[in-house]
Amino acid sequence: MAYLGAAYLWVKAAHVIFVIFLMAGLFMMPRFFVYHQETAVGSDEDRKWIDREQRLLRIILNPSLVLVWFFGLMLMVEIGAWSFGWFHLKLLFVLGLSGYHGWIASYAKKLAKGQRTLSDRNLRLMNEIPGVAAAVIVIAVIVKPF
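For the sequence shown, my numbering assigns the number 387 to the initial residue and increments by one for each residue that follows.
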């Protein structure tokens with residue numbers, strides 16, 4: 387514990403807390419999309435889903451992503467993670483989840499414009515991505531296979 391000292395465990399706890407918030411939002415949004423796509427474009431229900439999706443992004447997903455990265459980078463520097471193979475795997479999947487977050491934000495904008503470019507089945511499959519990524523990340527961090 388080079389520079390964080392006694393704050394290390396608090397930073398680690400904050401990182402895990404915001405990862406949980408982020409993952410909850412990443413699981414919720416594609417389900418929102420499935421239900422949203424069932425509504426008529428321009429209807430009251432359509433506007434309600436647009437509002438729900440924007441609030442989920444603004445209140446949970448966006449701040450959580452920023453804080454996960456903030457606390458994660460602090461931890462990375464603290465433990466010298468760059469020198470560990472398991473960290474490279476974790477970072478790869480974290481970058482993937484960050485890209486997934488970007489996709490979620492862009493698809494919410496498409497739905498708000500009335501564009502429904504994916505099927506319900508594809509959205510349900512997209513909903514599996516954060517679960518698979520979380521499993522790989524947890525195994526990399528806890529088991530440290532390399």
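Beta carbons are placed, not taken as given, at the ideal position from N, Cα and C, and that holds for glycine.
Rounded to the nearest angstrom, what separates residue i and residue j at their Cα positions?
i	j	result
residue 391	residue 477	24 angstroms
residue 448	residue 484	10 angstroms
residue 389	residue 431	51 angstroms
residue 445	residue 407	10 angstroms
residue 394	residue 516	27 angstroms
residue 506	residue 416	9 angstroms
residue 466	residue 481	19 angstroms
residue 497	residue 439	10 angstroms
residue 421	residue 454	28 angstroms
residue 461	residue 450	16 angstroms
residue 396	residue 464	13 angstroms
residue 471	residue 531	8 angstroms
residue 436	residue 404	24 angstroms
Compare the beta carbon distance of residue i and residue j with 7 angstroms and say whether it is the shorter of the two.
i	j	result
residue 491	residue 443	yes
residue 479	residue 524	no
residue 409	residue 494	no
residue 419	residue 511	no
residue 459	residue 526	no
Considering only C-alpha positions, which residue in the set the options is nearest to residue i?
i	options	result
residue 452	498, 396 and 488	488
residue 486	513, 495, 464 and 468	513
residue 400	457, 527, 414 and 429	457
residue 427	473, 441, 398 and 501	501
residue 499	529, 433 and 518	433
* To do: Scan the stretch 450 to 510 and note each continuous alpha helix (DSSP H) run of 4 residues or more that stays entirely inside, going in chain order.
  => 471 to 498
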